[in-house]
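Student: First the structure, which I've put down as structure tokens, then a few questions once you've had a look.
Residue numbers (full-length UniProt numbering), protein chains in the order written: chain A, 1 to 359; chain B, 1 to 359.
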């Protein structure tokens, strides 16, 4: 069976659109060189936090993020129904906390920007924050409560997308490396694997930071994606849990999961493809987490890992047709790939459908 | 072949004496439930540092340690010759560094005690310390240089002892759990394993913190040994190495190995047999190491682990005959088991020989 469209890379930048297309009866095949989510998606924090992650000057990205946030509730309900599994979508909201008065100035500055953009963000003093999260450090002078910023477990999200694709008749093949894109008369004809050729009229490159390893991509049009390393550590959240809300301090964020894990991240390091954990990286996020939630001192360490964020120069993802007919990009989701999953999926579907109709 | 003496536990508290006895023609059998060194010895830092580890009021322990220090050079030379391997015995000396003026007061207090005990310890200012170790933090105001405090790689030490025992005709059996000591007419007759009974006229219990799991020990005379957890992390020492000397700061020690590892330790935690790493434990030793050697910030993490020190109430090891004829103790070496290896071995040999002559 010849697929209608091949996705290269089983991270959320590919899986979302593959699922939606499969449900529309399009024959999709997702090829992943490792396991689904092993590259970047399964290593992410999973914050759905346009307001908490807001950076000055990134209004275009914010617009795309807010569009995605609006899609999340329906997207997750449908995904959980179709995959018959839960993805730990939690709507407790996010707290942005300051650790001292200087830090509170920075946060108030951000809050001004939130209000300019009409984002729903509530300013709170330290006592009000500790009312919501009694474990927060006594010295925290204040911060912001973002009721609308949520979270999901990225590993479960990836698993659910794979199941939903398969339940809709699509294919996901793991341990299968694409060596090159092949073209015929200037248009995509398929992909070359180690073990042979698969013909397909359309190919979506959703390979994240590993984009450049694929031969045959149009160099002039190829998105520039570079890896930015993040170090993470997971500890036991305990019972009763140390935390219910996502909490962002100045030097670390803390994400409680329903399975009892508390995920702590993360560094932003321009270190190429070096997957190392470093003494300083671990130290910085541990201290950053401890200064907002001192109770983690006794928490058992469950694991440590690093991931590579696929960053572009302007931090905007590239979800579009390429200069080669039949070839599409869905890469460069940076810090926000999990959040952007529904909007990316919908945009890719409409780009694909528009292109197929024209063709 | 019936052994003359069985050692229960292949940590350094047993292996040292087993080797010396094997070389004297005694038929020794060492039984280890896991791998040699897996319990405590292989997880140790390996500092040979009576002066740097000195605690007020522990003169008796110090005497035993100094005796062991005098034995180390000959012990290691003979061990390396007999085992045909190196154990990374390094004699660069140890630096005890203060991180601020208060801390320097504490160190000067310790130095007074060193001089009372006529230990050879040199007081240095910060610049002199940085002359020896250029990577030390610029703010370090001073400290002590202990030329005579050395180090060894505990994992190599364990391997070398096992090889030397075997080369001398002794046996070391790993993966072999002793369930009970058996007696006959009030004297030791052998040990009971899961897979059968081994008869022997003498048994040395060198099982460290796991002592209590062995049935049939005389309860009134059994040493009280409790586990005190230590958390450790190893990072890449780099080239040129970040460090040559062992360095002790107020909150962490750093031990450079010739194979490029830099071992950082350690916490002292009364947590029973819980082997967990904790967020706070890792954070404390990382911060403790970073404040004396800022260059570790970029150092790649190679591994993390915990160990249990076999502590006694008075911190003195018990190397002696028990109340049961043929049964001996070599347990409770606390923080200093590696340092005490030669003196423990010699003491055990003389206790054993004295007892056999009397018998």
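We put the CB at the ideal spot given by N, CA and C, even for glycine. Keep in mind that this is a model prediction, so the values were computed, not measured.
What separation, rounded to the nearest whole angstrom, lies between the Cα atoms of residue 370(B) and residue 66(B)?
Tutor: This structure leaves residue 370(B) out entirely; chain B is present only between 1 and 359.
Student: Against chain A, which members of the segment 236-248 of chain B pass a CB distance test of less than 7 Å?
Tutor: none
Student: Which complete alpha helix (DSSP H) runs does the segment 94-124 of chain B hold, if anything under 4 residues is left out?
Tutor: Within the segment 94-124 of chain B, the complete alpha helix (DSSP H) runs of at least 4 residues are 101-116.
Student: Whose Cβ in chain A lies nearer than 8 Å to the Cβ of residue 296(B)?
Tutor: Position 296 of the second chain holds residue 296(B). 279, 280, listed in chain order.
Student: According to DSSP, is residue 7(A) part of a helix, a strand, or is it coil?
Tutor: Stepping through the first chain from its first residue, residue 7(A) is reached at position 7. Of the three classes helix, strand and coil, the one that applies to residue 7(A) here is strand, per DSSP.
Student: Does the separation of the CB atoms of residue 203(A) and residue 181(A) fall below 8 Å?
Tutor: The count along the first chain starts at 1 and reaches residue 203(A) at position 203. The count along the first chain starts at 1 and reaches residue 181(A) at position 181. A contact, by the Cβ cut-off of 8 Å.
Student: Would residue 19(B) pass as an interface residue toward chain A - the criterion being a Cβ-Cβ separation below 8 Å?
Tutor: Residue 19(B) sits at position 19 when you count from the first residue of the second chain. Residue 19(B) does not count as touching chain A.
Student: Can you find the residues in the same chain that come closer than 6 Å, C-beta to C-beta, to residue 192(A), ignoring five residues on each side of it along the sequence?
Tutor: As a working note, residue 192(A) is residue 192 in the first chain. Counting only Cβ-Cβ distances below 6 Å, and skipping sequence neighbours, we find 179, 180, 182.
Student: Going by Cα to Cα distance, which pick from 323(A), 1(A), 306(A), 240(A) is closest to residue 398(A)?
Tutor: With chain A represented from 1 up to 359, any question about residue 398(A) goes unanswered, as that position is not in the structure.
Student: For the pair the segment 298-306 of chain A and the segment 314-333 of chain A, tell me if three or more CB-CB distances fall below 8 Å.
Tutor: In short, these stretches do not touch, since the Cβ pair count stays below three.
Student: Closer than 9 Å, Cβ to Cβ, to anything on chain B: give me those residues from the segment 82-103 of chain A, in chain order.
Tutor: Going along the segment 82-103 of chain A in chain order, one finds no residue with a Cβ nearer than 9 Å to chain B.
Student: What does residue 43(A) touch in chain B if you count any residue whose Cβ is under 8 Å from its own?
Tutor: As a working note, residue 43(A) is residue 43 in the first chain. Those do not exist, as residue 43(A) stays about 16 Å from chain B at its closest Cβ, beyond 8 Å.
Student: Can you name the residues of chain B whose CB is closer than 8 Å to the CB of residue 69(A)?
Tutor: Residue mapping note: residue 69(A) aligns to position 69 of the first chain, counting from 1. Ordered by position in chain B, no residue passes the 8 Å Cβ test against residue 69(A), which lies about 31 Å from the chain.
Student: Please state whether DSSP places residue 253(A) in a helix, a strand or coil.
Tutor: By one-based count along the first chain, residue 253(A) stands at place 253. Strand.
Student: Beta carbon of residue 157(A), beta carbon of residue 19(A): below 8 Å?
Tutor: What you label residue 157(A) is simply residue 157 of the first chain in a count that begins at 1. What you label residue 19(A) is simply residue 19 of the first chain in a count that begins at 1. For residue 157(A) and residue 19(A), no; Cβs fall outside 8 Å.
Student: Per DSSP, what are the beta-bridge partners of residue 233(B) in this structure?
Tutor: Here residue 233(B) refers to the residue found at position 233 when the second chain is read from its first residue. 264(B), 304(B).
Student: Under 8 Å between C-beta atoms, does residue 286(A) make it to chain D?
Tutor: The structure shown has no chain D; the protein chains it does contain are A and B.
Student: Does the Cβ of residue 75(B) have 16 or more other Cβ atoms within 10 Å, making it buried, or fewer, making it exposed?
Tutor: For the purposes of this step, residue 75(B) is taken as residue 75 along the second chain, with counting starting at 1. Looking at its Cβ environment, which holds 16 or more other Cβ atoms inside 10 Å, residue 75(B) is buried.
Student: How many Å lie between residue 237(B) and residue 301(B) at the Cα?
Tutor: Within the second chain, numbered from 1, the residue matching residue 237(B) stands at position 237. Within the second chain, numbered from 1, the residue matching residue 301(B) stands at position 301. Computed Cα separation, rounded: 10 Å.
Student: Can you name the residues of chain A whose CB is closer than 9 Å to the CB of residue 305(B)?
Tutor: On the second chain, residue 305(B) is found 305 positions in, with the first residue counted as 1. Listed along the chain, the chain A residues whose CB falls inside 9 Å of the CB of residue 305(B) amount to none; the nearest CB is some 11 Å away.
Student: Touching or not, the segment 143-155 of chain B and the segment 339-357 of chain A, by the rule of three or more beta carbon pairs under 8 Å?
Tutor: no
Student: Does the beta carbon of residue 301(A) sit closer than 8 Å to a beta carbon anywhere in chain B?
Tutor: Counting from one through the first chain, the residue named residue 301(A) turns up at place 301. Yes, contact with chain B.
Student: Give the range of the beta strand (DSSP E) segment to which residue 401(B) is assigned.
Tutor: One cannot answer for residue 401(B) here, as it falls past the ends of chain B, which runs 1 to 359.
Student: Comparing the C-beta of residue 47(A) with each C-beta of chain B, is any distance below 8 Å?
Tutor: Within the first chain, residue 47(A) is the residue found at index 47, counting from 1. Cβ-Cβ to chain B under 8 Å: no for residue 47(A).
Student: Give every residue of the same chain whose Cβ lies closer than 8 Å to the Cβ of residue 117(B), excluding the five residues on either side of it in the sequence, and list them in chain order.
Tutor: Your numbering for residue 117(B) matches position 117 in the second chain. Answer for residue 117(B): 54, 59, 62, listed in chain order.
Student: Can you find a C-beta in chain A that's less than 8 Å from the C-beta of residue 200(B)?
Tutor: Translated into positions along the second chain, residue 200(B) becomes position 200. Output row for residue 200(B): interface = no.
Student: For residue 254(A), tell me which candidate among 288(A), 194(A), 141(A), 172(A) has the shortest Cα-Cα distance.
Tutor: The count along the first chain starts at 1 and reaches residue 254(A) at position 254. That would be 288(A), whose Cα lies nearest to the Cα of residue 254(A).
Student: With a threshold of 8 Å between beta-carbons, can residue 283(B) be considered close to chain A, or not?
Tutor: Stepping through the second chain from its first residue, residue 283(B) is reached at position 283. By this cut-off, residue 283(B) is an interface position.
Student: Give the interface partners of residue 290(B) over in chain A, defined as CB-CB distance under 8 Å, in chain order.
Tutor: By 1-based counting over the second chain, the position of residue 290(B) is 290. Going along chain A in sequence order, the residues near residue 290(B) (Cβ under 8 Å) are 279, 280, 283.
Student: Taking contact to mean 3 or more Cβ pairs, one atom from each stretch, closer than 8 Å, check whether the segment 196-213 of chain B and the segment 38-51 of chain B are in contact.
Tutor: yes
Student: Check each candidate in 286(A), 171(A), 92(A), 95(A) and name the one with the smallest Cα separation from residue 15(A).
Tutor: To locate residue 15(A), count along the first chain from 1; it is residue 15. The shortest Cα separation from residue 15(A) among 286(A), 171(A), 92(A), 95(A) belongs to 171(A).
Student: Along chain A, which residues have their Cβ under 9 Å away from the Cβ of residue 252(B)?
Tutor: Position 252 of the second chain, counted from the start, is the residue given in the question as residue 252(B). Simply none; closest approach about 11 Å.
Student: Given this structure, state the Cα-to-Cα distance separating residue 244(A) from residue 296(A), to the nearest angstrom.
Tutor: What you label residue 244(A) is simply residue 244 of the first chain in a count that begins at 1. What you label residue 296(A) is simply residue 296 of the first chain in a count that begins at 1. Taking the straight line from one Cα to the other gives about 14 Å.
Student: My parser needs the beta strand (DSSP E) runs of 3 or more residues fully inside the segment 202-246 of chain B; what are they?
Tutor: Taking only runs of at least 3 residues, the beta strand (DSSP E) segments lying wholly in the segment 202-246 of chain B are 202-205, 226-236.
Student: Using DSSP with H/G/I as helix, E/B as strand and the rest coil, what is residue 186(B)?
Tutor: The residue given as residue 186(B) occupies position 186 in the second chain. Coil.
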